[in-house]
Structures are given as C-alpha cells and as structure tokens.
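Take my numbering: the last position of the sequence shown gets the number 937, and nothing is skipped along the way.
For every residue, glycine included, the Cβ atom is placed at its ideal position computed from N, Cα and C.
Structure, as structure tokens:
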Amino acid sequence: TSNYTGLSLLVRNMAEMTITGGNFYGDIEAFGSKIQLNGGLFDDDTTVLANGTGSIITFGNGCFDLERAEDDETKIYVKGYFVGTDGVAGTYQTITARQLDGGIVGKSDSKDCSNSPGPPSSSTEPTLTPIIDPESNGIIVFDDGGTHALLESDSGVTLYQVLNSSTLTIQERSTYIYATSDEIAPAILVNSSQLLILGSNILISGSTGSPNQGLADGGTAIQVVDGGFASIENGGNETEPVVIRGGMAARDGVGGAALHVDGAGTTASIISGDFYGGSSTTSRDKIGPSVLATNSAEVTISGGSFHGDLMAQGTNLNLNGGVYDSGTEVVADGEGTSVTFGNGCFEFERSGDNATVVIVKGYFVGANETSGPYQSITARELNGGVIGKIDRDDCNDDVVITTEPPVEEIPEDDSETSQYVVGFDDGGAYDVQASDSGDVLYRVTDSSQLNIQESGTRLAAPEGVSQPTILVDNSQLTVFGNEILVWGSKGGTENATKDGGPAI
C-alpha cells in the first residue's frame, strides 16, 4: 500500500537541494535541511515534508496558494503551478505538505501571477509570515528609523533591508531566515542602520546559486554597509547557537560570505556564533569566506567558530577570540590591511616555502581569564597586507607554548604499559601531530592542555590494556579537525581483561 512506499527524495543535515523538474512518486522529506521546489509533477499520494527545526521547503518559480487543513494544523495544501523555462504555466496541482516539529513550508511567487489557471484562490491563508508579495520582489524593508524585531513566526524565504538609521533585532529562538534562490542580494542588508542578534537556535542563510538563471554564486547571509553596525551573539545556549551561513554555490560558482562588512565607519562585533562560508561542489578555493571585511570597515571578533576563510581587504580585522577550523585561513590582502591577533599568547612561524604564509600558534584568553584551546592557524599576507599580534603581559607567567609533545623518559620497570605512556603534567599546552600516531597512552594532568588538530592523526591504546587511550585529569583536551581517530584498546585474549578499553 502507499503507506509503505519509500521516499522519493530525502535531504538531511543542512544539505540543500533544488528541484526544477521531474516526476515524483513517494514522499519528499527535508530533515534539518532546505529544499527549493521550482518545478516537477507530484503524484497524488506524495507528501512534501518539512521535518524538524531548521527544515524549510519553498515553492518557487510559479504561482501558489497555501491553504491550511482544518482538521490537521500540520497539513497544508499547496495549490498552483510552476512556470517552465519558456515562461509557460505548467500543470495546475494540489500538493499536500506537512510542517513537523518546527519545519516550515513557504512560497516565493513569480512576479506575474495575475492569470493563475485552475480553481480560484482559497481565502484561508496560513499563518506563515512573511509570505512574499510578488510586487515587492521578495524584499521587506525597515526604513522608518524605528526598532523592529523578527520573531519565529517570521521565519521563511525572503530578503530584509534595514535602512535609514533603523534597528532590527533577532532574539527569539528558532528564527530562520533564508534568502530566495533567484536573487543575488544578501538575506539581510544593513545600510546605515543596526542589526542586533542575541538568541539561540537562530539561522541566517544566503541564497543558493541558481545556474539556470545565470547566478551560480552563493549569496551573502548578512551584509553591513555605509556606516552600519552589527552585533552577533549566542543567547547563553552554546548547544543551540546562532548560525550564519553563506549560500551554497551551484556548479562552478563561488560560495557566499556568511558576513560581509564594507565601508568606512562600518563596524561589526562578533561575540559568539557559528559562521560558515558557502559551500562549493568543485573545490576548496571556491568555498565562501566566513567573514569578509573590506574598504576600511572594522570587525572585532571576541568569540565564535569559523568555517571558511576570514578575509580583510583594505581594512582592519581584530581577532581577540574564536575557534578556527583547521581548513580555515586568515588573509590580510592589500596595502593598509592588517589582521591582529590579540587577547592571548601567540608565536609566529614563517613558512620556508612561501614567504606569504604565517603559522600562528597559541591561544586566546576568555572573559573569565581562562586560556582557550591551543590552536595552529594559517594566515597569509598578500599584496602588502600585514599579520600582527598583541600578546598579553602574562604570557610567560604560567603557560608554555610548544609545537611538539614532550619526550618522556621510559621508566625501566616491568610494567607492560609503561613503554606506551606519554605524560603532560607541567601545566603547558601541547600539540599532537600526525607523526605521533601509533599505540600510546596519553596522560594529561595538573592543569595541562593537549590539542589534536592535524589531519591524519591516529591514536590507539595497545591491545588488552584496560586503561584509556587519553586520560584527562584536572586538565584540558581539545580535538578539532578532520580525519582524526582516537581508539580504545581491543580486549585481550590472554591478558587480564577481555573488555575493550575507553578511548578518552
């Protein structure tokens, strides 16, 4: 029976899909993801499901009415038609959609929907705001100089512009804003105005590239220009962060920037949040920047996580905190450009093979005066740009920065495990490299810090050892990177234990 038909499409975990045609027999589900429906024919038994917080399905490139079912508040009947590449209206359809556990179903009508074929529009309009006005080209403008708030109920696919000394605040949990996929404009434009984001489980996403319309590049999520100001901060819930994500590129396009700050007098303060440059399907070089500062704008970063290069061009970028993905680079490009590492302790290592590359090793200090995770960040000086640092006065008091784990003397005793033990017990901060891979028993004690970031690092306890591969006692361990493995010991057949050992 149809109840047991499998899904025709499943899109999960922040992936994005655009559908411009095809026939579908079996439900379509977005689970924590985004689906843009710009065409297609859907079987009468097929349901379109937006399942879970952060899931959004948008009907675009056509004319639609959304009618909520009277007997089921999660069910929406989508009535209308898509428009083909030749500009001709397609088949009128009634498609069943569902909003489950915080998922959102919305629409982005074409500009001319005056001659809609099929049944007349329903007078029952769902409470999905904002539903884009075809005459406004999907843009909602705040330009009265007042203060306005976006709420969870405003979640959907649209473009916002904050103009003329107005203020826009986003604080309510589960507010999700997506730029339309057929526009190159940012999801939120702040021009001579303010944007204040302070909340949890908030998502701002740039537009997805659309090769069929000649816009292969992903769009910017937030752009601040002409003396504007933006402040972005998690509202105290690190497990449900503010996420700012550049739009995904199509084909050979370039991913969009998560945050772009441009122009003299324009400033931004990043206190926390997760920033993702728009993804690319072709190469790393086409992943968008997580932060782009240009033309004398100033950006100060006190915290947050960054996935995608941070680029300064003709401006100043101040890094006083944050965690930087192992593939992320910090770039100072052009005369008069500077990137400064501050509020921490750092060492600079110049690359012998490339004079433009600076490896920045060290840590930031948090607001509670606690050392953050030890990081090794790749920076680049291009066309006269400068990478600098301002160390704290207490850098030499109690923290030792080194790039290699200490070499322990192996005790000469009869212990079966002593030959594998490496101790970190002097309160220092240490990196484990891929070259350290093998059978080990790491012991991190006495307020020391161990960092594992290098791709290809493989650590495993020897077989038959009941002890953990890494023991962290009153100390810190940071594992942050790609293709890293920490494996507990395999149970022995002749040793004292046959149980597997803990990894960490």
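Secondary structure at residue i, three-state DSSP: helix, strand or coil?
i, result
"Ala-894", "coil"
"Lys-719", "helix"
"Tyr-807", "coil"
"Gln-469", "strand"
"Glu-585", "helix"
"Asp-869", "helix"
"Ser-729", "coil"
"Gln-909", "strand"
"Ser-851", "helix"
"Cys-828", "helix"
"Lys-822", "strand"
"Ile-617", "coil"
"Glu-802", "coil"
"Leu-596", "coil"
"Arg-606", "coil"
"Lys-931", "coil"
"Val-521", "coil"
"Ser-488", "coil"
Would you mind sorting residue i into buried or exposed? The rule is 16 or more other CB atoms within 10 Å of its CB.
i, result
"Gln-808", "buried"
"Leu-533", "exposed"
"Ala-582", "exposed"
"Ala-730", "buried"
"Leu-815", "exposed"
"Gln-852", "exposed"
"Glu-802", "exposed"
"Ala-663", "buried"
"Ala-697", "exposed"
"Gly-921", "buried"
"Ala-800", "exposed"
"Glu-506", "exposed"
Within a Cβ cutoff of 8 Å, which residues of the same chain sit near residue i, ignoring the five residues on either side of it in sequence?
i, result
"Val-919", "Ile-885, Leu-892, Ala-893, Thr-902, Ile-903, Val-912, Ala-936 and Ile-937"
Could you tell me the boundaries of the beta strand (DSSP E) in which residue i lies?
i, result
"Phe-797", "790–797"
"Met-744", "743–746"
"Ile-917", "Segment: none, Ile-917 is in no beta strand (DSSP E) and carries neither H nor E."
"Ser-638", "635–638"
"Gly-513", "508–515"
"Cys-496", "495–501"
"Ile-528", "526–533"
"Thr-878", "874–878"
"Asp-766", "762–766"
"Leu-440", "First-last for Leu-440: undefined, no H or E at that position."
"Met-450", "449–452"
"Lys-540", "537–541"
"Leu-628", "627–632"
"Ile-937", "Run containing Ile-937: none; DSSP gives neither H nor E here."
"Ala-483", "480–484"
So, at 6 Å on beta carbons, what are the nonlocal neighbours of residue i in its own chain, with the 5 sequence-adjacent residues on each side left out?
i, result
"Glu-462", "Leu-440, Leu-443, Leu-482 and Asn-484"
"Gly-680", "Gly-639, Ser-640, Thr-641, Gly-651, Gly-652, Gly-689 and Gly-711"
"Lys-508", "Ala-502 and Arg-531"
"Gly-668", "Leu-631, Gly-632 and Ser-633"
Using a Cβ-Cβ cutoff of less than 7 Å, which residues in the same chain neighbour residue i once the five nearest sequence positions on both sides are dropped?
i, result
"Ala-939", "With the chain covering only 434 through 937, there is no way to say anything about residue 939."
"Gln-900", "Thr-850, Leu-874, Ala-894 and Gly-934"
"Ile-823", "Thr-773 and Gly-775"
"Ile-528", "Phe-475, Val-481 and Val-511"
Just to confirm the assignment: which complete beta strand (DSSP E) runs, minimum length 3, are found wholly within the region 655–707?
655–658, 662–667, 675–678, 692–695 and 700–703
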